[in-house]
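J.: Sending over a structure as structure tokens; questions will come in a sec.
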Amino acid sequence: MIPTRRSFPTVRRLAACLVAAGLAACSSRPSETEPPAAATHGASAADLAAIGRIHQEYVAAHNASDADRLMALWTDDAVLMPMDEPAIVGRQAIKEHYEEFFDQNPSEITLEPVETRVAGDWAFERIQVTVTLPGGKQENRHADVKYLWILQRQADGSWKIARAIYNLDGNIDDEEGVSA
735 MIPTRRSFPT VRRLAACLVA AGLAACSSRP SETEPPAAAT HGASAADLAA
785 IGRIHQEYVA AHNASDADRL MALWTDDAVL MPMDEPAIVG RQAIKEHYEE
835 FFDQNPSEIT LEPVETRVAG DWAFERIQVT VTLPGGKQEN RHADVKYLWI
885 LQRQADGSWK IARAIYNLDG NIDDEEGVSA
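So, in structure tokens, the structure goes:
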């Protein structure tokens with residue numbers, strides 16, 4: 735269509751609506767001075783308690799180098815996306831990944847949830863994990879790892895890890911780093 739003088743009012747109205755919508759969207763954004771979103775947005779006390787049990791069991795299983803125990807926390811169709819590696823699909827493949835890691839890197843972890851958001855039967859969690867590897871004759875080595883977990887509520891009301899991705903924060907004590 736070739737614009738004519740008659741179509742300009744329509745175009746101007748459309749442009750005005752788009753500008754107004756854009757301004758409204760910009761004005762509803764939180765300013766940098768507002769506090770961040772609540773760390774447990776949408777999560778009930780029961781959800782937080784159940785997810786907290788996953789944290790405790792995850793740390794205990796990892797620190798015991800127990801891949802079987804760790805896999806009880808994952809869904810059958812889980813996906814793990816390790817740093818600089820292809821995605822690992824399925825509980826058995828993830829178990830093999832952890833068994834290899836435990837064989838090569840006996841380690842202990844601590845886990846600190848940074849943010850938990852629950853939306854229906856899904857929870858999204860940002861987690862900070864510190865991995866400590868024994869140093870033998872040297873001091874222990876440490877790596878800080880950022881995780882994003884997507885958890886799925888199960889039919890019995892429990893939660894399991896359905897998806898996970900992680901990467902290092904970059905403050906690795908040694909040059910090779912750690913991934914688990």
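Residue 735 is where the sequence shown starts when you use my numbering, and the numbers rise one by one after that.
C-beta: ideal position from N, C-alpha, C; glycine also.
(1) Report yes if the CB atom of E830 is closer than 8 angstroms to the CB atom of P847, and no otherwise.
(2) Within the stretch 778–850, note down every full alpha helix (DSSP H) run reaching 4 residues or more, in order along the chain.
(3) How many Å lie between A877 and A889 at the Cα?
(4) For A896, does the three-state DSSP call read helix, strand or coil?
(5) According to DSSP, which residues form a beta bridge with Q862?
(6) Just tell me which of H789, A798, I884 has its CA closest to the CA of R851.
(7) I'd like the list of long-range same chain contacts for I822, defined as Cβ closer than 6 angstroms, with 5 residues on each side in sequence excluded.
(8) For the structure I just gave you, are there three or more beta carbon pairs, one from the stretch 785–799 and one from the stretch 897–904, closer than 8 angstroms?
(9) Find the nearest neighbour of A806 within the set G824, E834, V879, E873, judged by alpha-carbon distance.
(10) Excluding the 5 residues flanking A759 on each side, which residues of the same chain have their C-beta closer than 8 angstroms to its C-beta?
(11) Whose CA, out of D903, F836, R887, lies closest to the CA of L782?
(12) Between S892, A853, F836, which has its C-alpha nearest A801's C-alpha?
(13) Determine the burial state of H775: buried for a count of at least 16 other Cβ atoms within 10 Å of its Cβ, exposed for fewer.
(14) Could you give the distance in angstroms between the alpha-carbon of A795 and the alpha-carbon of L804?
(15) For L902 and S892, what's the separation of their Cα atoms in angstroms?
(16) By DSSP's criteria, Q886 is part of a beta bridge. Which residues make up the other side?
T.: Looking at the atomic coordinates:
(1) Locating residue 830 in the sequence shown gives position 96, counting from the first residue. Locating residue 847 in the sequence shown gives position 113, counting from the first residue. Against a cut-off of 8 angstroms, the Cβ pair of P847 and E830 comes out as no contact.
(2) Note on the stretch 778–850: whole alpha helix (DSSP H) runs with a minimum of 4 residues are 779–797, 801–805, 825–838, in chain order.
(3) For the purposes of this step, residue 877 is taken as residue 143 along the sequence shown, with counting starting at 1. For the purposes of this step, residue 889 is taken as residue 155 along the sequence shown, with counting starting at 1. C-alpha separation (whole angstroms): 36 angstroms.
(4) The count along the sequence shown starts at 1 and reaches residue 896 at position 162. Strand at A896.
(5) Looking up residue 862 in the sequence shown gives position 128. Answer is E846, K880.
(6) Residue mapping note: residue 851 aligns to position 117 of the sequence shown, counting from 1. If we check each option's Cα against that of R851, I884 comes out closest.
(7) On the sequence shown, position 88 is the one that residue 822 refers to. So the qualifying residues of the chain are L814, I828, H831.
(8) no
(9) Against the sequence shown, residue 806 aligns to sequence position 72. Sorting G824, E834, V879, E873 by C-alpha distance to the C-alpha of A806 places G824 at the top.
(10) Counting from 1 along the sequence shown, the entry for residue 759 is found at position 25. The predicted position of A759 is uncertain, since its pLDDT is 42 and thus under 50; a value taken from the coordinates is nonetheless stated next. Taken in chain order, the list of residues that qualify is empty.
(11) Reading the sequence shown from its first residue, position 48 is the one you call residue 782. When only C-alpha atoms are compared, the closest one is R887.
(12) Residue numbering aside, residue 801 sits at position 67 when the sequence shown is read from its first letter. Out of S892, A853, F836, F836 has the C-alpha closest to the C-alpha of A801.
(13) For this step, residue 775 is matched to residue 41 along the sequence shown. Classification for H775: exposed.
(14) As a working mapping, residue 795 is identified with position 61 in the sequence shown. As a working mapping, residue 804 is identified with position 70 in the sequence shown. About 5 angstroms.
(15) Here residue 902 is taken as the residue at index 168 of the sequence shown, counted from 1. Here residue 892 is taken as the residue at index 158 of the sequence shown, counted from 1. Going by the C-alpha atoms only, they are around 29 angstroms apart.
(16) Residue numbering aside, residue 886 sits at position 152 when the sequence shown is read from its first letter. W856, K894, per the DSSP bridge assignment.
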